[in-house]
Each structure stands twice: as C-alpha cells, then as structure tokens.
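Peer 1: Once you've had a glance at the structure underneath, I'll fire off some questions.
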Amino acid sequence: MATQVASHDHYAGPPLPAFEIDTLPKLFFDSVDHRARPDAVLFKRENQWIPLSHREIERRVAGFAAALLELGVEPGDRVAVLSENRPEWMIADYAVLGLGAVYVPIYATLPANQIAFILADCETKAILVSNQEQYDKIASIRDQVPSLRHIIAFDHFSAASDVLTFEEMVERGSRTEDAIQTFRKRALEVTPDQLATLIYTSGTMGDPKGVMLTHHNLTSNVAAVRAHHVIDPRPGDVGLSFLPLSHVFERMVDYYYWAEGICIAYAESIEKVAENLMEVRPHYMVSVPRLFEKIYTRVMGATGIRRALVMWAKRVGEEFAEQTLAGATPTGGLAFQYRLADRLVFSKLRARTGGRLRAAISGGAPLSHDIARFFFAAGIPVYEGYGLTETSPVLTANRPGKVKLGTVGQAVPGTEIRIDPNGEIVVRGPQIMKGYWNRPDATTACVESDGWFHTGDVGALDEDGFLRITDRIKNLIVTAGGKNIAPQPIENQVALSPYVAQVVMLGDKRAYPTLLIVPDFDNVGAWAREQGITVSDNRALVSDPRVKEFLEKEVFDRLQGLARHEMPKKIAIVPDEFGVDTGELTPSLKVKRRVVEERYADLIERMYAADGDRGDTRDR
Numbered sequence: 119m120a121t122q123v124a125s126h127d128h129y130a131g132p133p134l135p136a137f138e139i140d141t142l143p144k145l146f147f148d149s150v151d152h153r154a155r156p157d158a159v160l161f162k163r164e165n166q167w168i169p170l171s172h173r174e175i176e177r178r179v180a181g182f183a184a185a186l187l188e189l190g191v192e193p194g195d196r197v198a199v200l201s202e203n204r205p206e207w208m209i210a211d212y213a214v215l216g217l218g219a220v221y222v223p224i225y226a227t228l229p230a231n232q233i234a235f236i237l238a239d240c241e242t243k244a245i246l247v248s249n250q251e252q253y254d255k256i257a258s259i260r261d262q263v264p265s266l267r268h269i270i271a272f273d274h275f276s277a278a279s280d281v282l283t284f285e286e287m288v289e290r291g292s293r294t295e296d297a298i299q300t301f302r303k304r305a306l307e308v309t310p311d312q313l314a315t316l317i318y319t320s321g322t323m324g325d326p327k328g329v330m331l332t333h334h335n336l337t338s339n340v341a342a343v344r345a346h347h348v349i350d351p352r353p354g355d356v357g358l359s360f361l362p363l364s365h366v367f368e369r370m371v372d373y374y375y376w377a378e379g380i381c382i383a384y385a386e387s388i389e390k391v392a393e394n395l396m397e398v399r400p401h402y403m404v405s406v407p408r409l410f411e412k413i414y415t416r417v418m419g420a421t422g423i424r425r426a427l428v429m430w431a432k433r434v435g436e437e438f439a440e441q442t443l444a445g446a447t448p449t450g451g452l453a454f455q456y457r458l459a460d461r462l463v464f465s466k467l468r469a470r471t472g473g474r475l476r477a478a479i480s481g482g483a484p485l486s487h488d489i490a491r492f493f494f495a496a497g498i499p500v501y502e503g504y505g506l507t508e509t510s511p512v513l514t515a516n517r518p519g520k521v522k523l524g525t526v527g528q529a530v531p532g533t534e535i536r537i538d539p540n541g542e543i544v545v546r547g548p549q550i551m552k553g554y555w556n557r558p559d560a561t562t563a564c565v566e567s568d569g570w571f572h573t574g575d576v577g578a579l580d581e582d583g584f585l586r587i588t589d590r591i592k593n594l595i596v597t598a599g600g601k602n603i604a605p606q607p608i609e610n611q612v613a614l615s616p617y618v619a620q621v622v623m624l625g626d627k628r629a630y631p632t633l634l635i636v637p638d639f640d641n642v643g644a645w646a647r648e649q650g651i652t653v654s655d656n657r658a659l660v661s662d663p664r665v666k667e668f669l670e671k672e673v674f675d676r677l678q679g680l681a682r683h684e685m686p687k688k689i690a691i692v693p694d695e696f697g698v699d700t701g702e703l704t705p706s707l708k709v710k711r712r713v714v715e716e717r718y719a720d721l722i723e724r725m726y727a728a729d730g731d732r733g734d735t736r737d738r
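Per our numbering, residue 119 is the first one in the sequence shown, and the count goes up by one each step.
Spelled out as structure tokens, the structure:
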C-alpha cells in the first residue's frame, strides 16, 4: 500500500514496516533484554518517588503469573482490573497476557451497577482491585457475577477472608523454581491473533460493548506510532502516565514507552498531575483536550496588568508559531518580541510542566485550533491525533515537521482512510478490532467484510491527506426547519472563553439551537468581585442577572460569523460542573448528551418557552 492521495475522499498511509515483535509478551521481554534501566518505572509512596528496574518488573510479572496459574487461570480466561494507574496495574497486565488470558480493564470511577454488567458480560474469573473502595463495589455485586472466583487486592486493607493480596501472590510465585524461565517459555507461545484484552466502550448510547483487541492489533499500533515518528525518544527520557490505563490511548502509549525504554512515571492521581509534573519533569505526556483547555483558560483568566501582558504575549507567540509551523524562521522585531514574551510569560508556563516537556499528545476528542496554536507558541508542542477503542487506538497523528493545526494529522503507516458520501470517516488497517464480545450483529453493523470500519465520526481530508474531524454522526443536530448543525466546532469555540468550563449545544427537532453553559467558577467569580458583586455560592452567582448578561455577551461575541441557522439564540447557565460521578460524562470525559438533556429538562424547557427574554431576540 503506497502513500497516495487518490482524492479528497481517500488517503493511504505508507506501508507498515515489517516487525517481529507481534505479541505483547515479545514486546515486554525485548525491552527487559535490551533496555535494562534501573528506573523503568517510577511511582510515589510516602512522598518519595521509587524506581523499579526492568529486571525487577520481570521478576514481579513472572511471580504473579505463577500465582495466577495456581489459581487455575488458563488461556482465554478473563481477568479484570478495577484500579487507578499504578505499577501493579501494568505488572498484572503483562502477567495475564503472558498466560494467554484476557485482561479486562474497568474505569475506577464506574459505579457498581455498571461494573456488574461488564463482569457478567465477559464472565470474569478473577478481578484485581486497588483498594477498599473498589473492593466494596465488587462485594456489593458479587452475587450478580457467578463466574467470579477470586478477588485480588493491590493494597492491604480490612476485607473479607476471601481476598488475596497481590504482593503475597507475587512473592509466593517468585519462589517457584525457574519462575522467570518458565514464564518466558509459556508467554512466548502466545500467538499474534490471540485475544489480548476486552475494553468496554464508555456507553454514551446504551450498554457498553466489549471491544476485542488482539496482540497483533496492539503491537501493530505500537509499530505504526514508532514508524510515524510522533516523538523522538532519547536515552533517559520520562513519560508521565495519568490518563486512566483503562483508556486504550494511555495503555497503548505505555506499551510504546516500555518498548522504547522510556521511564513510565505513574502520577498519583488526576488531581496531583500539576504537582507531579513539577516533580518528575517528564519529556512526554498524553492527555485528552480537557487538560489543555483548563490550562489555557487559567492562563487567559489573568486579570489587570497581568492579563494585558498575557494577551500581548499570546499575539506575538501565535504569529511566531504560525511562521515556524509554515517552515519559516522568524527574524527582526518578531524574533525580539518573542524572546521577551518567552521570558515574561511562556517560560513560566513551561516551568509549571517541569521544564523538559518536548511533546504532548492530545486525543480522544478534537482540540481547538486556537488552543493548539497557543501551546506551540509557548514552546510546548501539542500533537493532536485520532483514534477509537475499536482501532487500538491510533489512526492518525500530527508529528514534528508534519503539523496542520485544526487537524488530527495524517494516517499512520498501514492505515487507509476514506470519506463516505455522508461524510463518515471509514478506516482500514491492522489495528482494527476483532469485533465486539458476544455482539456479532453489532460487529457486522460497523465492520465491512473487506475490513473497513465505520467510525461514526464525520470529517474531511485535505489535499495532503490531513484529516479534520467535524463531529459524531449521532451528535448532529437537525432543527425543526431541517437545517443540519455540527455542534462540536461551535462548542469548542465557546469553550475557548476563560469564563466557560463546559458547554453543550441543543436544538435537535427544535426551532433554533441553544447552549447549556457551565461557567468557570473561579474566573467568573474573580470577574464578579471586580464588579463589586458579592454572592454566597455558585448558585447565587449564576442567578445574578449581571453575571448572565456578562456570560451572554462573552459567548455570543465569540460566535460572530456563524451561519444564521447555526447561531444559538439563548443560553442557560448550569450551576454545577458535569462529572463522571454524577453521570453526565463518560470515564473518558465525553459528554453524555442524553443524560444532560434529561437532567436539565426543566431548565431547557423553560429556556425554549421563555419568549421575550434577551436571548430570544438575538438574530445573528
């Protein structure tokens, strides 16, 4: 398959180079044998960062695998994990995979009833839990999962007598004679077409589906990312791992880090990422756009003289970035101004990421062109990519020297992309899933007989094969007047405001579109105090008519230039952030539109019914 652009409807990446490391156990042992870092992994305990070497990781993996064998875990058995990111998560992953069994990651934020569905659907034999909180979830649903025989805990806590301790299992298995050699022999018998993992989709529409990914799916994606040169690894490099490993994006990247000998530093938690960035000083990190949006809005939320300085630096930096990305070398007054802006503003932002970040990778949802340009201006290149759980996940990515802001890059090697007449992105390559677990009808509905997978996303290819994502097909709004609206670009434009934390566009089968706005309460609160507005809490803040007037102007001023049918006519302000625990977001931070519309149905109906208010008269 040669690199080509047949038309704006089709693009094929270059051929995927031949690779011998076609199973995850082979990937694991290759790094153990050829990288041999004393700090293959870092984790924090009692305020200290503790390193684990490649050889120590191998010892623990082999020991845990031996203990699992004693429990009767066999090839094809499903072993689930309900845990935050930590070394034990990875150690168990390689142990399970080396036995030919199937690892089933579950988001630690999921409630018990959703976990019960997953465990029962895949007939889990054993589950690993991180702590008492996660164990309590399993204990409450255990009678709903008759296949579950063993619960294994990472932490020591007071629990029922049937809970096994991970550490004790590792040590017991490590005492087995020739444990490492025995594990190697067994693990290297795993074949590329064997099922490696079941990853359940977030379930924005109905029950989640178990995505079946093989060893070849995942190792081919590691090989494709390596051949695409998304990053340029160097000796001593560190990657910070903080997206949930239950998310296929972080998991594949961690496989890549391991393969390249990049130290994997596990963040303590999402809440501790800012602190851990300063401590670990990573060279790489991957994230969903929400993190970059939060950083951007915090910087843009500066007030007074500081805001004037930030806005000047932003203008200078963006002009500098545009020229640099176009292949030019800025000189003269622009170069001088950029050096000054860098010293006064951008260097301080880089310092807050540890000062060594050479690349950040964004995926999971489209990243605003303006936000990406700002980070390039700040000397923190954010390379946006695209993929799905069903594609292992990477399909496309921007990379050094090949960047078009506002796109998700070109297809990685071995990957073909076509755009169907309805605008849907359809893809083919070695990373496409084996299918959905126990759902043959769902599989055939999205995977054609010749391997083309229907993504459900809408997009377009440019003349160079760079892909631009417009929206999800299911998200498209059709107004009562028959006008089609893609909400995501409009939502992204509104979210650039430092005063907006989250936004959802409404209007399907309605006369006109509207917006639900969750304010950035810190920045809106600061503005309110400057205006002499005193309120007791967030609900009082959003109820103040002066705040609503301010947010209306902020939102509508950012949407100048939209087509008349696209322009929202009203906004409604929501007093609480959407969250995973409250059900409005999936664990991968995608908005569950149906849940949001149901939860705020009364507010939405009042907004549409309230004729004559200020928003109703806007005709733009």
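Glycine is no exception: its CB is placed at the ideal position from the N, C-alpha and C atoms. Keep in mind the model is a prediction, meaning the values are calculated, not measured.
The beta strand (DSSP E) spanning Pro-607 covers which residue range?
Peer 2: Here residue 607 is taken as the residue at index 489 of the sequence shown, counted from 1. No beta strand (DSSP E) holds Pro-607; the alpha helix (DSSP H) holding it covers 605-613.
Peer 1: What are the partner residues of Thr-652, as DSSP defines its beta bridges?
Peer 2: Along the sequence shown, one-based indexing puts residue 652 at 534. Bridge partners of Thr-652 according to DSSP: none are assigned.
Peer 1: In terms of residues, what are the limits of the beta strand (DSSP E) holding Tyr-414?
Peer 2: As a working mapping, residue 414 is identified with position 296 in the sequence shown. Tyr-414 -> not in any beta strand (DSSP E); alpha helix (DSSP H) instead, spanning 407-418.
Peer 1: Would you kindly work out how many angstroms separate the C-alpha atoms of Ala-124 and Val-545, rounded to a whole number?
Peer 2: On the sequence shown, position 6 is the one that residue 124 refers to. On the sequence shown, position 427 is the one that residue 545 refers to. Bear in mind that a pLDDT of 45 at Ala-124, under 50, signals an unreliable position, so the number given afterwards is only what the model happens to contain. CA-to-CA, the gap between Ala-124 and Val-545 works out to about 15 Å.
Peer 1: Skipping 5 residues on each side, what residues in its chain have a beta carbon closer than 8 Å to that of Asn-231?
Peer 2: Taking the first residue of the sequence shown as 1, we reach residue 231 at position 113. Cβ neighbours of Asn-231 beyond the five flanking positions: Ile-259.
Peer 1: Output the boundary residues of the beta strand (DSSP E) element that contains Ala-690.
Peer 2: As a position in the sequence shown, residue 690 is number 572, starting the count at 1. Boundaries of the beta strand (DSSP E) around Ala-690: 688-691.
Peer 1: Using a Cβ-Cβ cut-off of 6 Å (strictly less than) and excluding sequence neighbours within five positions of Val-308, which residues of its own chain qualify?
Peer 2: Start at 1 with the first residue of the sequence shown, and residue 308 comes out as number 190. Excluding residues within five positions, the ones whose Cβ falls inside 6 Å are Thr-141, Pro-143, Gly-218.
Peer 1: So is Pro-499 buried or exposed if we call it buried at 16+ other beta carbons inside 10 Å?
Peer 2: Stepping through the sequence shown from its first residue, residue 499 is reached at position 381. With 16 or more other Cβ atoms within 10 Å, it is buried.
Peer 1: Would you check if the region 340-356 and the region 400-409 touch, i.e. whether three or more CB-CB distances between them fall below 8 Å?
Peer 2: Contact holds: three or more Cβ-Cβ distances are below 8 Å.
Peer 1: Going along the chain, which unbroken runs of the beta strand (DSSP E) with 3 or more residues stay wholly within the region 445-487?
Peer 2: 477-480
Peer 1: Return yes when the Cβ of Tyr-501 is within less than 8 Å of the Cβ of Val-739, no when it is not.
Peer 2: Residue 739 lies beyond the residue range present for the chain, which begins at 119 and ends at 738; the question has no answer from this structure.
Peer 1: Let's see if you can read the secondary structure: which residues bound the alpha helix (DSSP H) around Glu-672?
Peer 2: As a working note, residue 672 is residue 554 in the sequence shown. Looking at the DSSP string, the run of the alpha helix (DSSP H) that includes Glu-672 is 663-675.
Peer 1: Below 8 Å, how does it come out for the region 569-581 and the region 541-558: are there three or more Cβ pairs, yes or no?
Peer 2: yes
Peer 1: If you pair each beta-carbon of the region 360-375 with each one of the region 404-414, do three or more pairs fall below 8 Å?
Peer 2: The way I'd put it, the region 360-375 does touch the region 404-414; three or more beta-carbon pairs between them come closer than 8 Å.
Peer 1: From Ile-739 to Val-665, what does the alpha carbon distance come to, in whole angstroms?
Peer 2: It is not possible to answer for residue 739, since the shown part of the chain is limited to 119 through 738.
Peer 1: Suppose you measure from the CA of Gly-216 to the CA of Ala-154; what does that come to, to the nearest Å?
Peer 2: The residue you call residue 216 lines up with position 98 of the sequence shown. The residue you call residue 154 lines up with position 36 of the sequence shown. If I take the Cα positions, the gap works out to 20 Å.
Peer 1: Can you give me the C-alpha to C-alpha distance between Asp-640 and Leu-467, rounded to a whole angstrom?
Peer 2: Against the sequence shown, residue 640 aligns to sequence position 522. Against the sequence shown, residue 467 aligns to sequence position 349. CA-CA distance, Asp-640 to Leu-467, rounds to 19 Å.
Peer 1: Taking all protein chains shown into account, decide if Gly-194 is buried (16 or more other Cβ within 10 angstroms of its Cβ) or exposed.
Peer 2: If you number the sequence shown from 1, residue 194 lands on position 76. By the 10 Å Cβ count, Gly-194 comes out exposed.
Peer 1: One question on the structure: do Val-288 and Arg-178 come within less than 8 Å of each other, judged by their Cβ atoms?
Peer 2: Residue mapping note: residue 288 aligns to position 170 of the sequence shown, counting from 1. Residue mapping note: residue 178 aligns to position 60 of the sequence shown, counting from 1. The answer is yes: Cβ separation under 8 Å.
Peer 1: Measuring alpha carbon to alpha carbon, tell me which residue in Gly-524, Arg-416, Pro-132 is nearest Tyr-617.
Peer 2: Residue 617 sits at position 499 when you count from the first residue of the sequence shown. Among Gly-524, Arg-416, Pro-132, the Cα nearest to that of Tyr-617 belongs to Arg-416.
Peer 1: Where does Gln-166 land, buried or exposed, given buried means 16+ other C-beta within 10 angstroms?
Peer 2: Numbered from its first residue, the sequence shown carries residue 166 at position 48. With fewer than 16 other Cβ atoms inside 10 Å of its own Cβ, Gln-166 counts as exposed.
Peer 1: Give the straight-line distance between the Cα atoms of Gly-379 and Phe-454, rounded to the nearest whole angstrom.
Peer 2: For this step, residue 379 is matched to residue 261 along the sequence shown. For this step, residue 454 is matched to residue 336 along the sequence shown. Whole-angstrom Cα-Cα distance: 39 Å.
Peer 1: Alpha carbons only, please: which of Glu-192, Pro-156, Ala-210 is nearest the one belonging to Phe-102?
Peer 2: Because the chain spans 119 through 738 in this model, residue 102 falls outside it and cannot be assessed.
Peer 1: Between the Cα of Gly-328 and those of Glu-176, Pro-156, Ala-238, spot the shortest distance and give me the residue it belongs to.
Peer 2: Residue mapping note: residue 328 aligns to position 210 of the sequence shown, counting from 1. Closest by alpha carbon: Ala-238.
Peer 1: Buried or exposed, going by whether 16 or more other CB atoms sit within 10 Å of the CB of Asp-737?
Peer 2: Position 619 of the sequence shown, counted from the start, is the residue given in the question as residue 737. Because Asp-737 sits at a pLDDT of 35, beneath the cut-off of 50, its placement in the model cannot be relied upon, and the following sentence gives the value as read from the coordinates. That one is exposed.
Peer 1: Do Phe-161 and Tyr-384 have their CB atoms nearer than 8 Å?
Peer 2: Residue mapping note: residue 161 aligns to position 43 of the sequence shown, counting from 1. Residue mapping note: residue 384 aligns to position 266 of the sequence shown, counting from 1. In this structure, Tyr-384 lies closer than 8 Å to Phe-161 by Cβ.
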